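Just below is one structure, and these are the notes that go with it.
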Amino acid sequence: MTNADIAAAFDHIADLIEYQGGNVFRVRAYRNAARTIGSMVESLATVRADPSRTLTDIEGVGADLAAKIGTLLDTGRLPLLDELQREIPAVVFELMRVPGLGPKKVKALVDELGIDSLDALEQACRDGRVQEVKGFGAKTEAAILENIGFAKSPEHNRLLWSEADAIVQQLLAWLRECPAVRRAEGAGSWRRGRETVGDIDVLVDGDDAARVMDHLVAWPECAGVLLRGDTKTSIRGPRGVQVDLRVVDEDSFGAAWQYFTGSKEHNVRLRSRARDRRLTINEYGVFRLEPGADADARPTKGAAVAGRTEEDVYASVGLPWIPPELREAGDEIARAERGTLPELVTLDDIRGDLHMHTTATDGEDTLGGMVRAAIDRGLAYIAITDHGQRVTMARGLDRKRLLKQWDEIDRLNESLAEDGHPPIVVLKGIEVDMLEKGGLDLPDEVLARADWVVASLHYGQNQPRERITGRIIEAIENPHVSVIGHPTGRLINRRPAYDVDIEAVIAAAARTGTFLEINANPWRLDLDDRHAAAAKQAGVKLVISTDAHSTRGLDVMRCGVLQARRAGLEAKDIVNTHTLAQFRKLTGKA
Ligand code: DGT
Ligand code: CA
Ligand code: CA
Ligand code: ZN
């Protein structure tokens, strides 16, 4: 079982307990553990196998959950989960995939209307039966009807990149243990850093393909063989994902890696460029076409001009190597040709993290814990941005509690600076809420004293486009607001963005010098690559933030960086790549 499987199992248990109306603290414990485990890079099996460590070292994992992880790792199942699944009809899970339908609402639909499928729910909405159920109304019914389409779409049933990444890392480590494998690499949408991944593509350089395939099939995570050929094998991996493995020889590795990385559209453009040069590109290499030869004929091996490395493949058509994140048939080939490809931001460029929570609101770790974790990750500065008072569910901070937290931060900074070289500087921040009726949930006079203000929209997400857009632009125009948090509110696979005129938001941000966030949480990645590129185009600077709710949550920064790279962003486009001194100049505040 991978971390992703175990996280999914715990999330599932949380859903089921919630569905039964069980203890909220139990639900929260499973959810927290799932979140932590889901964002871990190291596998739980590795942690358990290490005699010097224990599973209970992991945030949010106590003795009980550690034992359950052990059972899952050993047997692939969990008696508690089996029991809950026996008690609760399967349709519940399907219905919970509809955005806006939580366990409580689903239970009402199943109990009151006997809904047994998405189709039945759709019909019940059309018949107007749903709005008759207690707690529902005509508006909710209309929203459900709209969201059923979202839940049904195959577009929203793909793995998150971070989930796919956990599987890819584990698979590559397994393949590299095989003596017949000279080199193993991931390709496809995973390598391009897409926000979701349909199937996983891996490539092996090796002479003995049969032996490599045997090794793949013997992978403990292999749940079945879908297809077995001489050079390609497809299996069913963890979480039901398809894995395509291809074995190629050394001379073709670069060409195959390029080909199977895609995107398909990028490859089409590259091939047409090759044809103009009397060349042909395929997964075996780049070949010279003989005069008069048919461009689609399979050329002979002797005619190969490139194939061993990706660099050679691109060079053969007169281009520098193009980073996989850009291979989406945008303007990357034109820019490569002109020599103006961006120098994409990297994780190493990141010096600060400007959005995170502590136990003062809905975070799991204390201020001190978050600061230590940030130091461990080599950050030079962070901003603590707990929720403002509107977020009552998270015990949002009122003026008094916020000022108390800032005093605590002052003292912390003083003690960190005692020996003259503070390892980190902690900025006094807040995540204010844009109120449903307009305005923010803390007064300007308080915000004026902050080093950094994130403004986010959590409530009233169903308001019409003008209202939502107006609320966000009003926040942008507030001189104390530094950045707009997760500007569209979408949750990948779960909930579409609220109805916002993002172009107007970008224009307002450009006009006022307000920053926009790329929220690095793998469920959010908000702004997405397209909007982030548009923001840059308009002269807006972006902030990549983890929005961490635990120390582990700080590790999702890489997901945000990947999204920024897909947007073609460079270090200079990102606020938190700057030194603290530069950052202070940029904000004119801290
Ligand atoms: P996914 O799996 O839906 O997340 O997206 P990809 O991009 O991983 O797509 P996939 O797995 O179908 O194929 C992997 C790569 O292999 C794709 O990006 C380009 C290459 N490829 C696959 N089939 C074709 C094809 O018919 N023509 C061309 N030119 N390339 C292909
Ligand atoms: Ca794929
Ligand atoms: Ca594939
Ligand atoms: Zn937040």
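Okay, so the sequence shown: first residue is -4 according to the working numbering, each after it adds one. Beta carbons: idealized from backbone N, C-alpha and C, even for Gly. These figures come from a predicted structure and were not determined experimentally.
### Message
Let me check understanding here. Comparing Cα to Cα, which of A559, R547 and V449 lies closest to A527?
### Response
Of all alpha-carbon atoms in A559, R547 and V449, the one lying nearest the alpha-carbon of A527 is that of A559.
### Reduced DSSP category for S157 - H, G, I as helix; E, B as strand; rest coil
helix
### Query
For P318, which residues of its own chain have a beta-carbon under 8 Å away from its beta-carbon, when the five flanking residues on both sides are left out?
L336, L339 and R560
### Euclidean distance between Cα positions of A529 and P482
13 Å
#### Entry: Selected residue, minimal CA-CA separation from V125, among L104, F145 and S477
L104
### Query
At a cut of 8 Å, does the region 367 to 378 reach the region 28 to 45 through at least three beta carbon pairs?
no
### Task
State the Cα-Cα distance for the pair R489 and S311, rounded to the nearest angstrom.
C-alpha of R489 to C-alpha of S311: approximately 43 Å in a straight line.
### Task
Could you tell me if M161 is buried or exposed, where buried requires 16 or more neighbouring beta carbons within 10 angstroms of its beta carbon?
Note that residue 161 corresponds to Ala in the displayed sequence, not to Met. Around the beta carbon of A161, 16 or more other beta carbons lie within 10 angstroms, which makes this residue buried.
### Task
Using beta-carbon positions only, say whether V441 and T380 come within less than 7 Å of one another.
Inclusion of V441 and T380 in the CB contact set at 7 Å is not warranted, their separation being larger than that value.
#### Entry: Check your reading: residues with Cβ closer than 5 Å to ligand 5 heavy atoms
As presented, the structure is devoid of ligand 5, carrying ligand 1, ligand 2, ligand 3 and ligand 4 as its sole ligands.
#### Entry: chain C within 7 Å of E403, Cβ atoms only
The structure shown contains no chain C; it is built from a single protein chain.
### Query
Can you tell me whether N571 is buried or exposed, with buried defined as 16 or more other CB within 10 angstroms of its CB?
buried
### Task
Run the proximity test for A391: is its beta-carbon closer than 6 Å to any non-hydrogen atom belonging to ligand 2?
Sequence check: residue 391 is Gly here, not Ala. The closest heavy atom of ligand 2 lies 6 Å or more from the beta carbon of G391.
#### Entry: Between the CA atoms of N408 and D402 - distance to the nearest angstrom
10 Å
### Task
Drop a sphere of 10 angstroms on the beta-carbon of D59, count the other beta-carbons inside from all chains shown, and report buried for 16 or more, exposed for fewer.
exposed
### Query
Is there at least one non-hydrogen atom of ligand 3 closer than 6 Å to the beta-carbon of D194?
yes
### Message
Just to confirm my understanding: we take L435, look at its own chain, exclude 5 residues before and 5 after, and list those with CB closer than 6 Å. What are they?
### Response
V427
### Query
Around the Cβ of M208, are there at least 16 other Cβ atoms within 10 angstroms (buried) or fewer (exposed)?
buried
### Query
Taking all protein chains shown into account, do 16 or more other C-beta atoms lie within 10 angstroms of the C-beta of S229, making it buried, or fewer, making it exposed?
buried
### Query
Of the choices G144, A179, T353 and Q80, whose alpha-carbon is the least far from that of L11?
Of the residues G144, A179, T353 and Q80, the one whose Cα lies closest to the Cα of L11 is Q80.
### Query
For G193, does the three-state DSSP call read helix, strand or coil?
coil
### Query
Could you check where the alpha helix (DSSP H) with Q126 kicks off and where it finishes?
Q126 -> no alpha helix (DSSP H), and no H or E assigned at all.
### Query
Cα separation between L411 and Q165?
39 Å
### Cβ neighbours of I463 in the same chain (closer than 8 Å, five flanking residues each side left out)
L452, G455, Q456, Y493, D494 and V495
### Query
Counting Cβ pairs closer than 8 Å, one from the region 60 to 70 and one from the region 392 to 400, do we hit at least three?
No, the region 60 to 70 is not in contact with the region 392 to 400.
#### Entry: Reduced DSSP secondary structure (H/G/I, E/B, other) of Y376
Correct three-state label for Y376: strand.
### Task
Report whether the distance from the Cβ of S229 to the nearest heavy atom of ligand 1 is below 6 Å.
no
### Chain-order list of residues whose beta-carbon lies under 7 Å from that of I83 (same chain, five-residue window excluded)
L11 and Y14
### Beta-carbon separation (whole angstroms), L198 vs W156, contact threshold 8 Å
Wrong, their Cβ atoms sit about 19 Å apart, outside the cutoff.
#### Entry: Residue closest to H475, alpha-carbon to alpha-carbon, out of L522, G383, T582 and A562
T582
#### Entry: Given A159 as reference, the closest of G235, A204, D122 and K129 once Cα atoms are compared
G235
#### Entry: Between the CA atoms of E332 and E305 - distance to the nearest angstrom
16 Å
### Task
Tell me the start and end of each unbroken beta strand (DSSP E) in the region 161 to 190 that is at least 3 residues and wholly inside, in chain order.
178 to 181
### Query
Whose CA, out of L76, L75 and I110, lies closest to the CA of E89?
Of the residues L76, L75 and I110, the one whose Cα lies closest to the Cα of E89 is I110.
### Task
Measure the beta-carbon distance from V93 to N142 and round it to whole angstroms, keeping in mind my assumption that it falls under 8 Å.
Between V93 and N142, the beta carbon gap of about 5 Å places them in contact (Cβ cut-off 8 Å).
### Task
Please determine, among G201, W185, E180 and S184, the residue with the shortest C-alpha to C-alpha distance to P174.
Answer by Cα proximity: G201.
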